[in-house]
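One structure is given below, encoded as structure tokens.
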Amino acid sequence: MRVALAGGGTAGHVEPALSVAFQLLDSNVADLESIVFLGSKTGLENSLVPANGFRLETVATFAMPRKVNLDLIKLPFRLWAARRAAVEILKSNKVEVLVGFGGYVSVPAYLAAIQLRIPFIVHEANAKPGIANKIFARFATRAVDTVPGSIKGALTLGIPIKREIKNLNREELRSKSRNELGLSSSGRVLLVFGGSQGAEQINKAISGFSDLLLENQISVIHVVGPNNLAHYQSRSHANGSRYLVMGYMSNMQVGYAASDLVLCRAGALTVAELSAIGLPAIFVPYPIGNGEQELNAAHLISVGAALLVPNHLCTASNLAEIVLPIFKDSSRLMQMSTAGRNTRKIDAAKNMVRLIQEVCS
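In terms of my numbering, the sequence shown opens at residue 20 and continues consecutively.
Here it is in structure tokens:
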């Protein structure tokens, strides 16, 4: 079976597509030569997809203009060119089915599939769907969501996550992961990240009370984002094996296994991964957008697996009052972990492959 997977820009769009690709291989439904990724020219897929051994074809993408300007006038021409490029990619690869995971690149991919009459599946990870998936789900062969009711008539299958994370045993790998990262093996560990590009509000807040964390024997893995590494790296050098600063963490399973608590944004993929492994979290939803991150985290918060801190309240003093008591209460950490694991859906990739086979039959 020849399959195209479209999605790009951030890890939240690319990683689920990669998980489906590996499941296609594991299920002997497709081989490396029959899987092609459609991505943008600048997104994270340009490093992640080739690094995992898959082929990537790119098309020009663009943001939807928010006001009447020259970009809006150029939009139809740009969209036409991107659709044409996507058509050529699908035709040259003799694609039999397309799966879209969102992001700007999905739009020309969906249009190309419609033109070529290729069956396509829309996968929506967020509790509140993006505009592209919301529109094209109406024309798709099948639509899939993560939160029931996000897309009318969709199957609720969850988010495909990496095998290394889905099967992660944090307890067994904790000591090994801390050694791998160069962290002290004793005490608690807080993992802090803000998505693939970092989050300045979270970075500033955690930096503001890091000394208090270290005084309480709490080590920190601080993933600051590639563009912020130089600014925050001096703190890592000053605190040896207790404060690790990284620009980007490609092996998140190691960070998860080493940690006892996470402070992060509430992207759909992150929420799914933390649920799968039962890692307690404090979510600081991204304040810009359509409010999907708060909705993504809602279920884990409702069952007691996570807490929510609004972005405008993400300050050093507020976080100190929340984080330190949790670390001092082992039973609460255990309860949060159990509650998270009880919500997990770890068969999404397998179910997506079954659906791909179904729409091609």
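Glycine residues also receive a C-beta, built at the ideal position from the N, C-alpha and C atoms.
Check your understanding: CA-CA distance, Ala25 and Met265?
Key -> Your numbering for residue 25 matches position 6 in the sequence shown. Your numbering for residue 265 matches position 246 in the sequence shown. Distance between the alpha carbons of Ala25 and Met265 is about 29 Å.
**Study point:** Meets three-Cβ-pair contact criterion under 8 Å: the region 145 to 152 and the region 110 to 123
**Key:** yes
Point to revise | Start and end residues, alpha helix (DSSP H) containing Asp164 | key: Within the sequence shown, the letter at position 145 stands for residue 164. From DSSP, Asp164 is part of no alpha helix (DSSP H) but of the beta strand (DSSP E) over Arg161 to Asp164.
Review point. How close, in whole Å, do the beta carbons of Tyr262 and Val239 come, if the pair is a contact with beta carbons under 8 Å?
Key: Residue mapping note: residue 262 aligns to position 243 of the sequence shown, counting from 1. Residue mapping note: residue 239 aligns to position 220 of the sequence shown, counting from 1. Rounded, the Cβ-Cβ distance is 5 Å, consistent with contact.
Point to revise | Sheet register partners of Met371 (DSSP bridge) | key: As a working note, residue 371 is residue 352 in the sequence shown. BP columns for Met371 are empty, so no partner.
Review point. In chain order, what residues of the same chain lie with their CB nearer than 7 Å to the CB of His318, ignoring the 5 residues before and after it?
Key: For the purposes of this step, residue 318 is taken as residue 299 along the sequence shown, with counting starting at 1. Cβ neighbours of His318 beyond the five flanking positions: Thr362.
Exercise for review: Indicate whether the contact test is met: 3 or more Cβ pairs, each with one atom in the region 128 to 135 and one in the region 33 to 51, closer than 8 Å.
Suggested key: no
Check your understanding: Taking C-beta to C-beta, are Phe56 and Val68 nearer than 8 Å?
Key -> For the purposes of this step, residue 56 is taken as residue 37 along the sequence shown, with counting starting at 1. For the purposes of this step, residue 68 is taken as residue 49 along the sequence shown, with counting starting at 1. Yes, the pair counts as a contact, with Cβ atoms nearer than the cut-off.
Review point. So what does DSSP say about Leu63, is it helix, strand or coil?
Key: Numbered from its first residue, the sequence shown carries residue 63 at position 44. Of the three classes helix, strand and coil, the one that applies to Leu63 here is coil, per DSSP.
Point to revise | Extent of the continuous alpha helix (DSSP H) run through Val281 | key: Here residue 281 corresponds to residue number 262 of the sequence shown, with the count starting at 1. Where Val281 is concerned, there is no enclosing alpha helix (DSSP H), although the beta strand (DSSP E) it sits in stretches over Leu280 to Cys283.
Check your understanding: Do the CB positions of Pro304 and Ala285 come within less than 8 Å of each other?
Key -> Walking along the sequence shown from the start, residue 304 turns up at place 285. Walking along the sequence shown from the start, residue 285 turns up at place 266. In contact: Pro304 and Ala285 (Cβ atoms closer than 8 Å).
Practice item. Following the continuous alpha helix (DSSP H) through Val124, name the residue where it begins and the one where it ends. Key: By 1-based counting over the sequence shown, the position of residue 124 is 105. Val124 -> no alpha helix (DSSP H), and no H or E assigned at all.
Point to revise | As assigned by DSSP and simplified to three states, the class of Glu76 | key: Taking the first residue of the sequence shown as 1, we reach residue 76 at position 57. It is a strand residue.
Check your understanding: Along the chain, where does the beta strand (DSSP E) that runs through Tyr262 open and close?
Key -> For the purposes of this step, residue 262 is identified with residue 243 of the sequence shown, where counting begins at 1. Looking at the DSSP string, the run of the beta strand (DSSP E) that includes Tyr262 is Tyr262 to Met265.
Exercise for review: Consult DSSP for Gly31 and reduce its assignment to one of helix, strand or coil.
Suggested key: Position 12 of the sequence shown, counting from 1, holds the residue named residue 31. Helix.
Review point. Can you tell me whether Asp230 is buried or exposed, with buried defined as 16 or more other CB within 10 angstroms of its CB?
Key: For the purposes of this step, residue 230 is taken as residue 211 along the sequence shown, with counting starting at 1. Burial call: exposed.
Review point. Is His331 buried or exposed, if buried means 16 or more other CB atoms sit within 10 Å of its CB?
Key: Residue 331 sits at position 312 when you count from the first residue of the sequence shown. It counts as exposed.
Check your understanding: Taking the continuous alpha helix (DSSP H) assigned at His241, which residues delimit it?
Key -> Taking the first residue of the sequence shown as position 1, residue 241 is located at position 222. Premise fails: His241 lies in the beta strand (DSSP E), Ile237 to Val242, not in any alpha helix (DSSP H).
Review point. Distance, Cα to Cα, Val5 vs Ser380?
Key: Outside the displayed span of the chain (20 to 380) sits residue 5, for which this structure offers no information.
Practice item. Determine the DSSP secondary structure at Thr175, reduced to helix, strand or coil. Key: By one-based count along the sequence shown, residue 175 stands at place 156. Of the three classes helix, strand and coil, the one that applies to Thr175 here is strand, per DSSP.
Review point. Counting along the chain, where does the alpha helix (DSSP H) carrying Gly274 start and finish?
Key: Translated into the one-based positions of the sequence shown, residue 274 becomes position 255. Per DSSP, Gly274 belongs to the alpha helix (DSSP H) from Met271 to Ala277.
**Study point:** Residues near Thr80 in its chain [Cβ-Cβ closer than 7 Å; skip 5 each side]
**Key:** By 1-based counting over the sequence shown, the position of residue 80 is 61. Result list for Thr80: Ser59, Ala101, Tyr123 and Val124, in chain order.
Check your understanding: In three-state terms, what does DSSP make of Gly119?
Key -> Residue numbering aside, residue 119 sits at position 100 when the sequence shown is read from its first letter. Strand.
**Study point:** Beta-carbon proximity of Val378 to Ile108, cut-off 8 Å
**Key:** Taking the sequence shown and counting its residues from 1, the one referred to as residue 378 is at position 359. Taking the sequence shown and counting its residues from 1, the one referred to as residue 108 is at position 89. Contact flag unset, no.
Review point. Looking at C-beta atoms only, is the number of pairs between the region 345 to 354 and the region 183 to 199 that lie closer than 8 Å three or more?
Key: no
**Study point:** Identified DSSP bridge partners for Arg207
**Key:** Your numbering for residue 207 matches position 188 in the sequence shown. Per DSSP, Ile237.
Review point. Roughly how far, in whole angstroms, is the beta-carbon of Val456 from the beta-carbon of Glu199, given that I think they are within contact range, below 8 Å?
Key: Absent from the model: residue 456. The displayed extent of the chain is 20 to 380, so no value can be given.
Point to revise | Completely contained alpha helix (DSSP H) runs for the region 277 to 323, where each covers 4 or more residues | key: 287 to 296 and 311 to 321
Practice item. Pull up the CB-CB distance for Val22 and Val118, whole angstroms please, since I reckon it's below 8 Å. Key: One-based indexing of the sequence shown puts residue 22 at position 3. One-based indexing of the sequence shown puts residue 118 at position 99. Sure, about 7 Å apart at Cβ, within 8 Å.
Check your understanding: Considering Gly58, what are the terminal residues of the beta strand (DSSP E) in which it resides?
Key -> In the sequence shown, counting from the first residue as 1, residue 58 sits at position 39. Element bounds for Gly58: Ile54 to Gly58.
Exercise for review: Decide if Thr165 is buried, meaning its Cβ has at least 16 other Cβ atoms within 10 Å, or exposed.
Suggested key: By 1-based counting over the sequence shown, the position of residue 165 is 146. Buried is the call here.
Review point. Do you know how far the Cα of Leu63 is from the Cα of Ala276?
Key: Within the sequence shown, numbered from 1, the residue matching residue 276 stands at position 257. Within the sequence shown, numbered from 1, the residue matching residue 63 stands at position 44. Spanning the two alpha carbons is a distance of roughly 24 Å.
Point to revise | Selection from Asn370, Asn247, Ile178 and Arg74 that minimises the alpha carbon distance to Leu293 | key: On the sequence shown, position 274 is the one that residue 293 refers to. Measuring from the Cα of Leu293, the nearest candidate turns out to be Ile178.
**Study point:** Status (buried if at least 16 other CB within 10 Å, exposed otherwise) for Glu190
**Key:** Locating residue 190 in the sequence shown gives position 171, where the first residue counts as 1. By the neighbour-count rule (16 or more Cβ atoms within 10 Å), Glu190 is not buried but exposed.
**Study point:** Entirely enclosed beta strand (DSSP E) segments - the region 331 to 357, minimum 3 residues
**Key:** none
Review point. Can you give the Cα-Cα distance for Gln252 and Thr160, rounded to whole angstroms?
Key: By one-based count along the sequence shown, residue 252 stands at place 233. By one-based count along the sequence shown, residue 160 stands at place 141. Answer to the nearest angstrom: the Cα atoms are 48 Å apart.
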